[in-house]
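In the UniProt record's numbering, the protein residues as written are 1 to 331. Beta carbons are placed, not taken as given, at the ideal position from N, Cα and C, and that holds for glycine. Written below as structure tokens is the structure these notes are about.
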């Protein structure tokens, strides 16, 4: 992807136009440089020249001599033992170097299911990022292949991880993505309200730490592990870009035919100062339509069903619309 000097120039260019830059920090696992006497790849070179004590003991493929993992193992590469003082010291120093030398403003933390969130707190405290978000991605709850309406257990696991970081990092709202899949694919928009009439994802419980998204480089793009329902992407954006949480737009979508529609939705969000802690009132969650009012300033609906914001002292004007979505602003 280029040299270190080119990377520094790139980061500087972003900073010149007021854009923060996140580094993708893969701290859970690390490919080794050398083999041990048994031919297993678990010896490291470079600045962080660790031996097999840096690899967890319960990863069956890599003969680690560290302690047991504090999370789930990722089997494609040796899982790192963050309970080792020398490992954490080196990672803290490396993250600080990336902040100071390269100029990264924060972190997207890969596969955080693999190690305790308390270690993340230590790394965040040391490197003082502007923003940090963890990828805690596991399966939602299904019964006989059909997604359950109640996904509290799923979002609780993500919230537990955020709690373990002491709230120093947010997390991608995988729960919301999964529920949007079922709601849009099956025309079951009632799924977008939980039993208490709140948003059913992490954004309904801890919106200031929920990073909402509909697609990323793993789920979509060339890999396509869990692709968002085709042709319904703009309904997904109409949802996350009007709702609380911190929405994340996928690069491929920003530079696609959807680009101008996404820009319109971002403009509505910015104009009305919608933010991660904005209030939300779900006004409709039925089979074919979902609607909500955010901060009493923005109304939205997705789905083929009909919805108009309530008439009253507030006058509503249509701000933007597209295939099965509409957004209004209070005037």
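Beta strand (DSSP E) containing residue i: first to last residue?
{"i": "residue 56", "result": "Element bounds for residue 56: n/a, residue is neither H nor E."}
{"i": "residue 302", "result": "298 to 302"}
{"i": "residue 216", "result": "Residue 216 -> no beta strand (DSSP E), and no H or E assigned at all."}
{"i": "residue 24", "result": "22 to 25"}
{"i": "residue 42", "result": "41 to 43"}
{"i": "residue 108", "result": "106 to 109"}
{"i": "residue 325", "result": "325 to 330"}
What residue does the alpha helix (DSSP H) around residue i start on, and which one ends it?
{"i": "residue 172", "result": "Residue 172 -> not in any alpha helix (DSSP H); beta strand (DSSP E) instead, spanning 170 to 172."}
{"i": "residue 79", "result": "That residue, residue 79, is in no alpha helix (DSSP H); it is neither H nor E in DSSP."}
{"i": "residue 240", "result": "233 to 240"}
Who are the Cβ neighbours of residue i in its own chain at under 7 Å, not counting the five residues just before and after it?
{"i": "residue 194", "result": "200 and 204"}
{"i": "residue 220", "result": "227, 228, 250 and 252"}
{"i": "residue 64", "result": "42, 52, 55, 56, 57, 78 and 81"}
{"i": "residue 270", "result": "none"}
{"i": "residue 61", "result": "75"}
Whose C-beta lies closer than 8 Å to the C-beta of residue i among residues of the same chain, with five residues either side of it excluded?
{"i": "residue 102", "result": "4, 7, 8, 11 and 23"}
{"i": "residue 31", "result": "41, 77 and 78"}
Quick check: residue i and residue j, are their CB atoms within less than 8 Å of each other?
{"i": "residue 81", "j": "residue 71", "result": "no"}
{"i": "residue 278", "j": "residue 244", "result": "yes"}
{"i": "residue 309", "j": "residue 328", "result": "yes"}
{"i": "residue 302", "j": "residue 235", "result": "yes"}
{"i": "residue 169", "j": "residue 124", "result": "yes"}
In chain order, what residues of the same chain have a beta carbon less than 6 Å from the beta carbon of residue i, not counting five sequence neighbours either side?
{"i": "residue 314", "result": "330"}
{"i": "residue 246", "result": "211 and 276"}
{"i": "residue 136", "result": "112, 113, 158, 161 and 171"}
{"i": "residue 73", "result": "59 and 79"}
Within 10 Å of its beta-carbon, does residue i have 16 or more other beta-carbons around it, so buried, or fewer, so exposed?
{"i": "residue 15", "result": "exposed"}
{"i": "residue 263", "result": "exposed"}
{"i": "residue 254", "result": "exposed"}
{"i": "residue 323", "result": "exposed"}
{"i": "residue 115", "result": "buried"}
Is there contact here, the stretch 139 to 147 with the stretch 57 to 64, by at least three beta-carbon pairs under 8 Å? no
Closer than 8 Å is the cut-off here; do at least three beta carbon pairs connect the stretch 121 to 133 with the stretch 173 to 193? no
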